[in-house]
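Heads up, the thing below is written out as structure tokens.
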Amino acid sequence: MDRDSTEALIAQVREATARGAPLRIVGGDTKRFYGRAVTGVQLETRGHSGIVSHDPAELVLTARGGTPLAEVEARLASQGQRLPFEPPHFGADATIGGAVACGLAGPSRAWAGALRDYVLGVRVLTGDGRVLRFGGEVMKNVAGYDVARLMAGSLGVLGVLLDVSLKVLPRPAAERTLALDVDQAGALDRLSALGRTALPLSAGSWVDGRLYLRFEGCEATLESVERRVGGETITGAGAFWASLREQTHPFFAGVLPLWRCTVASLAPPLPLGGGPLIEWNGLQRWYRCAPDTPAFAAAAEAGGHATLFRHRPGDADVFAPLAPSIMHVHRDLKRVFDPAGILNPGRMYPDL
Amino acid sequence: MATDPALLRALSEALGSDSVLTAPESCIAFECDALTAHRRTPGLVVLPASTAEVQSVLRIAAAHETPVVARGAGTGLSGGALPVEGGLLLVLSKLNRILEIDPVRRLARVQPGVTNLAISDAARPHGLFYAPDPSSQVACTIGGNVAENSGGVHCLKYGLTVHNLLEVRLATCDGEIVTIGSAHGEAPGLSLLPLITGSEGMLGVVVEVTVRLVPLPERVELLMAGFDDVSRCAGAVGRIVAAGIVPAGLEMMDGPALRAAEAFARCGYPLDATALLLCELDGLEHDVAHQLREVESILRDCGAASVRVAVDAAERARMWSGRKSAFPAVGRLAPDYYCMDGTIPRRHLANVLERIAAMSREAGLSVANVFHAGDGNLHPLILFDAGKSDDLERAERLGAEILELCVAVGGTVTGEHGVGVEKLGPMCSQFGPAELEAFHAIKRVFDPTGRLNPGKAVPTLARCADYGAMRVHGGKLPFSHLPRF
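From first to last, the protein sequence lines are chains D and G.
At position 58 of the first sequence (counting the first as 1) the number is 53 in this note's numbering, and the numbers step up by one without a gap.
At position 60 of the second sequence (counting the first as 1) the number is 178 in this note's numbering, and the numbers step up by one without a gap.
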């Protein structure tokens, strides 16, 4: 059922603008931990909900920002389709708008692409109550600057996502997960060698001394992959991949700060304790270590960057610092979309 | 506009006088890109040979408050590289080095003047290639591809330029270098890389590009199906996609286009067909074998009059040659042709083609259709004779009407060729004043004084008011609150 609450949301934003009062944009509030804390009146998007259109032959789905992510995925599954970037839910109430605003992707990221790669269009409510539409429901569109993809991962600092249009893809005919016992260096080597083949890898993670490889394709392809790659075939591997995607794997338990480092796939192990759990062909590495760990510096040293993903102590920085000129662009873009600075202020960076 | 002597002196000192062209007979070679209907002679053309020289040019241009238009190979189809009359044209063709091919990390780091095909050629020995393949790939440069977010026939499966970029180093309007994105694909902060991609040289000048490389497929198959009915052909496109198959390429040509291509390239197309579908499948041996059977059966089920699978790589290349030379082939049918570039939701394909045929009859101008059916990206080619007094104007009018039709069915006025100067008018149909104002504000973030490629890509509201005055939709004038000029 399509419930369009655009007018009510506009009214709330305009009222907040008039008072100069910050708003904390909330969908399912399942990713509240991600980013810096925001103090403000809650702007609830869940009342603005529903799948606006989904024609399986077009490979496009458009939904209101407050639509439950589970509802979107169920609709796609009923037509043999999926969101190929496997967005984490982190709770039953996750919304599609929240998923796009956080820009996170699951185990398939290194092969299927990032969330932003699937954003085709948005309708967005700016901080001064304008409703703007960018992109659309077609695969190829170069009319105007690509503001739709700019919204992916913007953490609500530029606008409230009213509607999003995403490219969707067919589910694979079948999947197979193989596991090999190797150390960290061996796993990275193995992933790199596999990456140069045309084998249909769709996830590759190393955890607890085991490298887990997920492949997709038709049965005959998967049988030939099993012969070529070797290792143990894991049955019921869906639960394992879900435990990484949703961070319910024991590695993620406890309250020690969780660091996410993204580095070059072959970067040597980082000098950080507590891990790593490796995903995305070696590009994404998770660490559990004390608040004062110099993770930003260590990741930068390795040519990448770190994010303090969960269990942030006090008001520690969450995201790696930006070059001054790029930070300047961020501030100016914020002013274009949210001149009064009332939308999720400080969620990404202190003065954004 | 006479060139400021101080500007000329500063540029000659920075680059050497060989790299600064001022003679009209030299500058006139750069008067247009592949949209030849629009021409302007630049006042001077500079050819920097390094990133540092690009920075110098931009700093000097800033100090002299001179507009700068960046240009790659000049193969753009929308006038994006059209010079400012008497202004400065920044040609990046000397920046043509491949800096790094890393087969382990599967990426290539290149200068902006490297051609699209050269990247794939350099990657091939490693079993890799660069996927986006615009039909101008022999000549077009990666810097231009970034500026236009170029597509190609393999976008449906492999994505556009934006999906295959990792990092761009950009020279700002003041000559500062900033890094956008990252070689491993994830960067902190806002997603600026897509904002830069397709920004038509309005936000900065690309000085280095890192792209993703993908493994060459194990097996490739190409099917060709002739239909005696366009809507059945369009129906087959939807059926293939709905069956869960994502072909590497899914291309359609109508009767006039396929006959022109056959006459030009002798590629074995069925001359009696009303529509032709080319479907390329690639991937692993078993997956492709499985999909080939499925697509063959769908095509027959959809009433294909003929279905042929290329027997080998040579026949595959021959079948593709007709499609890839379709523009020049159609170009032989008339003294001039005008290539459009709208995208529509696929379900409207048959209907839109019918409407275009009707509009073509009404305008008295022939239209041939060649398009990326898989992504609904149409390329109607309007045939005309620029020698006739009002033919160009009629062709442009018909073109604008076709683009408005694309917008009306939920599509866009440009799928992959960009807005440039060509589609400034139709942009007013697709966007309202609020979106256009936001675009102008974004431009000011990167280029406060509006010196980078001025007047392109985003129409002024005044222009839209003017455009609206010419085109009344349903009795309602868009932009009615603005004064008319």
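For each residue, glycine too, the CB sits at the ideal point set by N, CA and C.
If you're wondering where the values come from, they're calculated on a predicted model, not measured in any experiment.
Give me whichever residues DSSP pairs with residue i in a beta bridge.
i	result
D:Ser160	D:Thr57 and D:Gly116
D:Ser200	D:Tyr207
D:His49	D:Leu56
D:Phe314	D:Thr302
G:Met342	G:Leu396 and G:Arg426
G:Gly261	DSSP output for G:Gly261 lists no bridge partner at all.
G:Leu368	G:Cys397
G:His490	G:Asn495
D:Tyr282	D:Trp254
G:Asp220	G:Leu225
D:Pro165	D:Gln76
D:Ile91	Answer by DSSP bridge pairing: none, since D:Ile91 is not bridged.
D:Ser44	D:Arg(-2)
G:Leu570	G:Val186
G:Thr233	G:Thr259
D:Pro63	D:Thr90
D:Asp176	D:Arg205
D:Gln37	D:Arg19
Give me the residue from the options with the minimum Cα distance to residue i.
i	options	result
G:Asp400	D:Arg118, D:Gln76 and D:Leu194	D:Leu194
G:Gly262	G:Ala583, G:Pro544 and G:Gly538	G:Gly538
D:Ile321	G:Leu162, G:Ala360 and G:Gly322	G:Gly322
G:Ile500	G:Met477, G:Ser507, G:Asp493 and G:His490	G:Met477
D:Leu265	D:His300, D:Phe246, D:Gly231 and D:Val250	D:His300
G:Gly303	D:Arg111, D:Leu56, D:Ala94 and D:Gly269	D:Arg111
G:Ala575	G:His535, G:Ala552 and G:Gly586	G:His535
G:Val209	G:Met370, G:Phe445 and G:Gly319	G:Gly319
D:Pro289	D:Gln74, D:Gln279 and D:Val313	D:Val313
D:Tyr349	D:Val220, D:Thr228 and D:Glu218	Residue 349 of chain D falls outside the range modelled here, since chain D spans only -4 to 347, and no answer is possible.
G:Gly245	G:Pro333, G:Leu308, G:Val256 and G:Glu326	G:Pro333
G:Ala141	G:Ala152, G:Leu153 and G:Leu126	G:Leu126
D:Leu78	D:Leu56, D:Gly277 and D:Gly93	D:Leu56
D:Leu175	D:Gly131, D:Val202 and D:Val137	D:Val202
Along chain G, in chain order, which residues have C-beta atoms closer than 7 Å to that of residue i?
i	result
D:Ala138	Thr530, Val531, Thr532, Val537, Met545 and Gln548
D:Val258	His302
D:Leu71	In chain order: nothing, as chain G lies at least about 12 Å away.
D:Val361	Residue 361 of chain D is absent from the model: chain D starts at -4 and stops at 347.
D:Ser219	His404
D:Pro345	The contacting residues do not exist; D:Pro345 stays about 13 Å from chain G at best.
D:Ile321	Val296 and Gly307
D:Gly299	His302
D:Pro195	Leu402
D:Glu296	Result: empty, since nearest Cβ-Cβ is about 14 Å, beyond 7 Å.
D:Leu239	Per Cβ cutoff of 7 Å: no residues; D:Leu239 is ~17 Å from chain G at best.
D:Phe80	None at all; the shortest Cβ gap to chain G is about 12 Å.
Tell me, to the nearest whole angstrom, how far the beta carbon of residue i is from that of residue j; I am working on the premise that it is less than 8 Å.
i	j	result
G:Cys291	G:Leu570	5 Å
G:Leu521	G:Met458	7 Å
G:Asn487	G:Gly533	Not really, about 14 Å apart at Cβ, beyond 8 Å.
D:Thr1	D:Val117	About 13 Å; that fails the 8 Å criterion.
D:Pro252	D:Leu189	With 8 Å as the limit, D:Pro252 and D:Leu189 do not qualify as a contact, their Cβ atoms being about 31 Å apart.
G:Arg512	G:Leu483	6 Å
G:His156	G:Leu200	5 Å
Quick one: which chain D residues come within Cβ less than 9 Å of residue i?
i	result
G:Val576	Gly139 and Tyr140
G:Ser317	Tyr140 and Asp141
G:Pro498	None at all; the shortest Cβ gap to chain D is about 15 Å.
G:Arg223	Ser187, Gly190, Ala259, Ser260 and Leu261
G:Arg465	Asp50, Ala52 and Glu53
Show which residues of chain D have a CB atom less than 7 Å away from the CB atom of residue i.
i	result
G:Ile462	Val133
G:Ala383	Ordered by position in chain D, no residue passes the 7 Å Cβ test against G:Ala383, which lies about 25 Å from the chain.
Going along chain G, which residues have a C-beta under 9 Å from residue i?
i	result
D:Cys213	Leu402, His404, Asp405, Ala407, His408 and Gln409
D:Gly108	Gly277, His281 and Gly303
Contact criterion: CB-CB distance below 9 Å. Does residue i meet it with respect to chain B?
i	result
D:Gln179	You won't find chain B in this structure, because its protein chains are D and G.
For a contact defined as C-beta to C-beta under 8 Å, what are the partners of residue i on chain D?
i	result
G:Val280	Asp112, Asp141 and Arg144
G:Val329	What G:Val329 touches in chain D: nothing, since even the nearest Cβ is about 14 Å away.
Residue i versus chain G: which residues are under 8 Å apart at the beta carbon?
i	result
D:Gly60	What D:Gly60 touches in chain G: nothing, since even the nearest Cβ is about 17 Å away.
*Would you list, in sequence order, the uninterrupted beta strand (DSSP E) runs of no fewer than 3 residues that lie entirely inside the stretch 174 to 211 of chain G?*
186 to 189 and 206 to 209
*Whole runs of the beta strand (DSSP E) within the stretch 437 to 463 of chain G, excluding any shorter than 3 residues*: 454 to 457
*Counting only runs of 4+ residues fully inside the stretch 223 to 254 of chain D, write out the alpha helix (DSSP H) ranges in chain order.*
233 to 240
*Enumerated in chain order, which unbroken segments of the beta strand (DSSP E) with a length of 3 residues or greater are wholly contained in the stretch 285 to 340 of chain G?*
295 to 299 and 323 to 330
*For the stretch -4 to 31 of chain D, which segments carrying the beta strand (DSSP E) assignment without a break, of at least 3 residues, lie completely within its bounds, in sequence order?*
18 to 21
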